[in-house]
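With the working numbering applied, the sequence shown corresponds to residues 18 to 363, in that order.
No residue lacks a Cβ here, since even glycine has one placed at the ideal position from N, Cα and C.
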Amino acid sequence: MSTTKAYAAHSATSPLTPWTFERRAVGPNDVSIQIAYCGVCHSDIHTARGEWNGTRYPIVPGHEIVGTVTAVGGSVSQWKVGDTVGVGCIVDSCRTCASCQEHQEQFCEAGMTGTYNGIERGTGNTTQGGYSQHIVVDENYVLRIPEGMPLDRTAPLLCAGITTYSPLRKHGAGPGKQVAVVGLGGLGHMAVKIAKAMGARVTVVSHSDKKRDDALRLGADDFLNTSEAGAFRANAKRFDLILDTVSAAHDYNAYLQMVKRGGIMVLVGLPPASPVNPSLLVMQQRCLAGSLIGGIAETQEMLDFCAQHGILSDIETIPAAMVNEAYERMLRSDVRYRFVIDCGTL
Ligand code: NAP
Ligand code: ZN
Ligand code: ZN
18 MSTTKAYAAH SATSPLTPWT FERRAVGPND VSIQIAYCGV CHSDIHTARG EWNGTRYPIV
78 PGHEIVGTVT AVGGSVSQWK VGDTVGVGCI VDSCRTCASC QEHQEQFCEA GMTGTYNGIE
138 RGTGNTTQGG YSQHIVVDEN YVLRIPEGMP LDRTAPLLCA GITTYSPLRK HGAGPGKQVA
198 VVGLGGLGHM AVKIAKAMGA RVTVVSHSDK KRDDALRLGA DDFLNTSEAG AFRANAKRFD
258 LILDTVSAAH DYNAYLQMVK RGGIMVLVGL PPASPVNPSL LVMQQRCLAG SLIGGIAETQ
318 EMLDFCAQHG ILSDIETIPA AMVNEAYERM LRSDVRYRFV IDCGTL
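Rendered as C-alpha cells:
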C-alpha cells in the first residue's frame, strides 16, 4: 500500500477538499505512475455531484491522466521505470467477454472498471482517479504517450480525445462530409481538431456568440449560434454527421432537424433524459446514435493519430486547489478549452 494526496468530493453538495488515501500495493502485473497532470472532464462534475446516481463517496475524480512510471510489478512486460504514460477512463475489465475480445473494453459485459467510482477487481474497493499524486494500474490499461508530446496538453486526449475520435472515425468524418460539433467545451474543441485532421468540413454549433473567434482559430470552417432566431431552420438538413457534446439538458429535436436525409446525430454528452420526436427520424431516415469513450487499442490509435497530426488540447493549467472554481466556470460554459490540474501542486 502507498499513501497518496488527492482532492476528493465527500458528498454531492460539498466542494472538493484535500484528502489522503492508500493505493493498492503494486501487484505482479501493475505499474505505479507518478501523475504529472490530470484533465478536468465534465463527467467528473456529474459524478462528484451525484448527477448520475451511484456515486460512492469520498470520490477522487479524474480520468485524463499523464505521468511517469515509477515502479513495475515482476510480470510487467510492456513498461519500465521512467516511461511516459497515460491512463484514461478504463483501468480494468473481464478480458474474456465478447466486448473485451473485440477490444471494446468500455462495453465489458461484466462491467468495465472505471478509473474512478468503479469497483476494483480483487479488492472490491472504490477506484479513485487522477486528482492525486500517483495511481497503480494493470499494465494492459496503460497508454503510451508518443515522444515529444507536451504532457499537460496531452492529458485531455485520454478522455476528450478518444470520446470524439471514436465516433468521428466510426461514422466516416472525412473529405466531402459536413460535420457539426455541438458544444465547444473540452470534448467539442478536440472534435473540431480531429474532424479537420480527418478531412471533414467542420461547423461549430454553440449556444452563444462568445466562442465564434475561437472556433475559427481552432480550425472550424463555420460557426453557428443557436441563440439567434431561426438558426435551426436556416440550417435544416445541412449536416451528414452531428456530434453532440453538450453537458446540459437541451432539445435534441431542434438539432435533429439539421441532419441531412440519411445522416446521423451521435450523442456523447450525458445530460438528463430529454424526449425525441420519432417523426424527425422516420421522415428523413435519420439515425440517432450514442458513443462511449473507446477501447484501449483505439485510445492508443487516437494518441498516435494526434501525434502525427500535431493535435493537442488548448488548456488552462490550474493548481489542484482551484478545481472547485474550474467546475463553476465549466458550468457557465466558460472553459477555454480544458482545465488541467498540475498534480505537482498536491
Ligand atoms: P464541457 O467542457 O463543460 O463542455 C460542454 C459544452 O456544452 C459547453 O462548453 C457549452 O458549449 C455546451 N453547453 C452547455 N450548456 C448548454 C446548453 N444549455 N445548451 C447548449 N449547449 C450547452 O464538457 P465536456 O467535458 O466536453 O463534456 C461534455 C459532456 O460529455 C458531459 O455530459 C460529459 O459527461 C460527457 N462525456 C461523455 C463521454 C462519453 O464517453 N460519451 C466522455 C466524456 C464526457 P457552447 O458554449 O459552445 O455552447
Ligand atoms: Zn471524461
Ligand atoms: Zn469483458
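Residue i, DSSP secondary structure in three states
i, result
"residue 181", "helix"
"residue 31", "coil"
"residue 277", "strand"
"residue 194", "coil"
"residue 37", "strand"
"residue 360", "helix"
"residue 112", "coil"
"residue 353", "coil"
Sheet register partners of residue i (DSSP bridge)
i, result
"residue 88", "49"
"residue 287", "For residue 287, which the question treats as bridged, DSSP gives no partner whatsoever."
"residue 54", "83, 359"
Pick from the options that is closest to residue i, judged by C-alpha positions
i, options, result
"residue 101", "53, 222, 140", "53"
"residue 174", "353, 103, 21, 275", "103"
"residue 93", "62, 114, 153, 76", "153"
"residue 303", "287, 254, 151", "254"
"residue 76", "33, 69, 68, 287", "33"
"residue 313", "44, 131, 242, 299", "131"
"residue 47", "159, 348, 355", "159"
"residue 268", "25, 199, 341", "199"
"residue 273", "293, 286, 265, 262", "293"
"residue 27", "176, 81, 66, 217", "66"
"residue 12", "321, 163, 324, 241", "No answer is possible for residue 12: the residues shown for the chain start at 18 and end at 363."
"residue 334", "252, 112, 354", "354"
"residue 74", "31, 88, 108, 149", "31"
"residue 201", "149, 236, 188", "236"
Limits of the beta strand (DSSP E) - the one that residue i falls within
i, result
"residue 271", "Counting along the chain, residue 271 falls outside any beta strand (DSSP E), though it belongs to the alpha helix (DSSP H) covering 269 to 273."
"residue 102", "101 to 104"
"residue 305", "304 to 307"
"residue 21", "19 to 25"
"residue 108", "107 to 109"
Start-to-end residues for the alpha helix (DSSP H) that takes in residue i
i, result
"residue 61", "59 to 65"
"residue 299", "295 to 299"
| said: What ranges does the beta strand (DSSP E) occupy inside the region 311 to 349, keeping only unbroken runs of at least 3 residues that lie completely in it? | reply: 332 to 336
Subject >> Those runs of the beta strand (DSSP E) which lie wholly inside the region 200 to 267 and span at least 3 residues >> reply: 218 to 223, 239 to 242, 256 to 261
Ranges of the beta strand (DSSP E) found wholly within the region 114 to 175, counting only runs of at least 3: 151 to 155
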